[in-house]
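K.L.:
Here the protein sequences line up with chains H and F, keeping their order.
According to the working numbering, the first sequence is numbered sequentially starting from 447.
According to the working numbering, the second sequence is numbered sequentially starting from 12.
Following this message is one structure expressed as structure tokens.
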Amino acid sequence: DTAVSQTPKYLVTQMGNDKSIKCEQNLGHDTMYWYKQDSKKFLKIMFSYNNKELIINETVPNRFSPKSPDKAHLNLHINSLELGDSAVYFCASSQLFEQYFGPGTRLTVT
Amino acid sequence: QKEVEQNSGPLSVPEGAIASLNCTYSDRVSQSFFWYRQYSGKSPELIMSIYSNGDKEDGRFTAQLNKASQYVSLLIRDSQPSDSATYLCAVNVRNAGNNRKLIWGLGTSLAVNP
Chain H
447 DTAVSQTPKY LVTQMGNDKS IKCEQNLGHD TMYWYKQDSK KFLKIMFSYN NKELIINETV
507 PNRFSPKSPD KAHLNLHINS LELGDSAVYF CASSQLFEQY FGPGTRLTVT
Chain F
12 QKEVEQNSGP LSVPEGAIAS LNCTYSDRVS QSFFWYRQYS GKSPELIMSI YSNGDKEDGR
72 FTAQLNKASQ YVSLLIRDSQ PSDSATYLCA VNVRNAGNNR KLIWGLGTSL AVNP
């Protein structure tokens, strides 16, 4: 019955590798988001999709590429991983203004 | 730069007391305000939303909004040790492309002591 799910939960990889995180929501929401929460716990929006259309791109490096195959799924692909990409990445969804979060993916780049 | 400010704490209260968490925001035209709770190692969980000036109560939680002062607060009555968490304030704003997004405070860490 998980409303917003993400895989994987943990990701440990080396610099320079490429990795993907997947997100799915079963709430029927039209809008999905990717957030990054850094070591200081600051939560910052990266991308937002509404009905598969990208509507927010918050000056994220081109190495990050989101993809929404349908409105229930939002994936995040990261190329050429850097040490500074280490963080927790949260997916969220909303119908209007209230956002609901997935469990997060803890990415560690070594 | 649109901002949301919170006192980082830690705010320490005894069990059974009222915990008061405060948040100020810079965008005068914001209309939607949210409080999330985040336990260590977990994701943010929505606990209250408020859209109109005044108080909104839900169980032990009361959100208070004053748009003139650009201030939103969260009161937790009869605080329990299970309320110990970081409380994040979020404000809905429009970006340059006229799309809505949440901007977040850094959170206030609350510790409820048995």
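All residues carry an ideal CB built from backbone N, CA and C; glycine is no exception.
With respect to the beta strand (DSSP E) encompassing H/N521, which residues constitute its N-terminal and C-terminal limits?
P.N.:
Per DSSP, H/N521 belongs to the beta strand (DSSP E) from H519 to I524.
K.L.:
Over what stretch of residues does the beta strand (DSSP E) that includes F/K112 continue unbroken?
P.N.:
Element bounds for F/K112: R111 to W115.
K.L.:
Alpha carbon to alpha carbon, how far is F/L22 from F/Q91? Give it in angstroms, no decimals.
P.N.:
If I take the Cα positions, the gap works out to 14 Å.
K.L.:
Does the CB of H/S451 have a neighbour CB from chain F at under 8 Å?
P.N.:
No, H/S451 lies away from the interface with chain F (no Cβ there is under 8 Å from its Cβ).
K.L.:
What does H/P549 touch in chain F if you count any residue whose Cβ is under 7 Å from its own?
P.N.:
Result: S54.
K.L.:
Starting from F/T97, follow its DSSP beta bridges and name the residues at the other end.
P.N.:
According to DSSP, which records beta bridges pairwise, F/T97 is partnered with F/Q49 and F/S120.
K.L.:
Using a Cβ-Cβ cutoff of 9 Å, what residues of the segment 23–51 of chain F are near chain H? List them in chain order.
P.N.:
Within the segment 23–51 of chain F, the qualifying residues are Q42, S43, F45, Y47 and Q49.
K.L.:
How long is the line joining the alpha carbons of H/N508 and F/P25, rounded to whole angstroms?
P.N.:
Whole-angstrom Cα-Cα distance: 48 Å.
K.L.:
If you draw a straight line from the C-alpha of F/Q17 to the C-alpha of F/C100, how long is it?
P.N.:
Rounded to the nearest angstrom, the two C-alpha atoms are 8 Å apart.
K.L.:
Three or more C-beta pairs closer than 8 Å, one from the segment 69–84 of chain F and one from the segment 25–45 of chain F: is that the case here?
P.N.:
Touching, yes.
K.L.:
How far does the beta strand (DSSP E) with H/T453 in it extend, from its first residue to its last?
P.N.:
V450 to T453 is the extent of the beta strand (DSSP E) around H/T453.
K.L.:
Relative to the C-alpha of F/A122, which candidate in F/M59, F/D66 and F/Q49 has its C-alpha closest?
P.N.:
The candidate whose alpha carbon is nearest that of F/A122 is F/Q49.
K.L.:
With a cut-off of 8 Å, does the C-beta of F/G118 fall near any C-beta of chain H?
P.N.:
It does; some Cβ of chain H falls within 8 Å.
K.L.:
Could you say which of F/S31, F/E14 and F/I61 lies nearest to F/F44 if we only look at CA atoms?
P.N.:
It is F/I61.
K.L.:
By alpha-carbon positions, which one of F/T119, F/S31, F/Q42 and F/S51 ends up nearest to F/V6?
P.N.:
No answer is possible for residue 6 of chain F: it lies beyond the span of chain F, which begins at 12 and ends at 125.
K.L.:
How about F/A28: is its Cβ closer than 7 Å to a heavy atom in the ligand COA?
P.N.:
This structure simply doesn't include the ligand COA, nor any ligand for that matter.
K.L.:
Suppose contacts are defined by Cβ-Cβ distances below 8 Å. Is H/N497 in contact with H/K517 by that definition?
P.N.:
In this structure, H/K517 lies closer than 8 Å to H/N497 by Cβ.
K.L.:
Can you have a look at F/M59 and say buried or exposed, based on whether 16 or more other CB atoms are within 10 angstroms of its CB?
P.N.:
F/M59 is buried by the Cβ-count criterion.
K.L.:
Going along the chain, which unbroken runs of the alpha helix (DSSP H) with 4 or more residues stay wholly within the segment 524–550 of chain H?
P.N.:
You should have found no qualifying run.
K.L.:
Can you tell me whether H/P515 is helix, strand or coil according to DSSP?
P.N.:
In the structure shown, H/P515 sits in a strand (DSSP, three-state: E or B).
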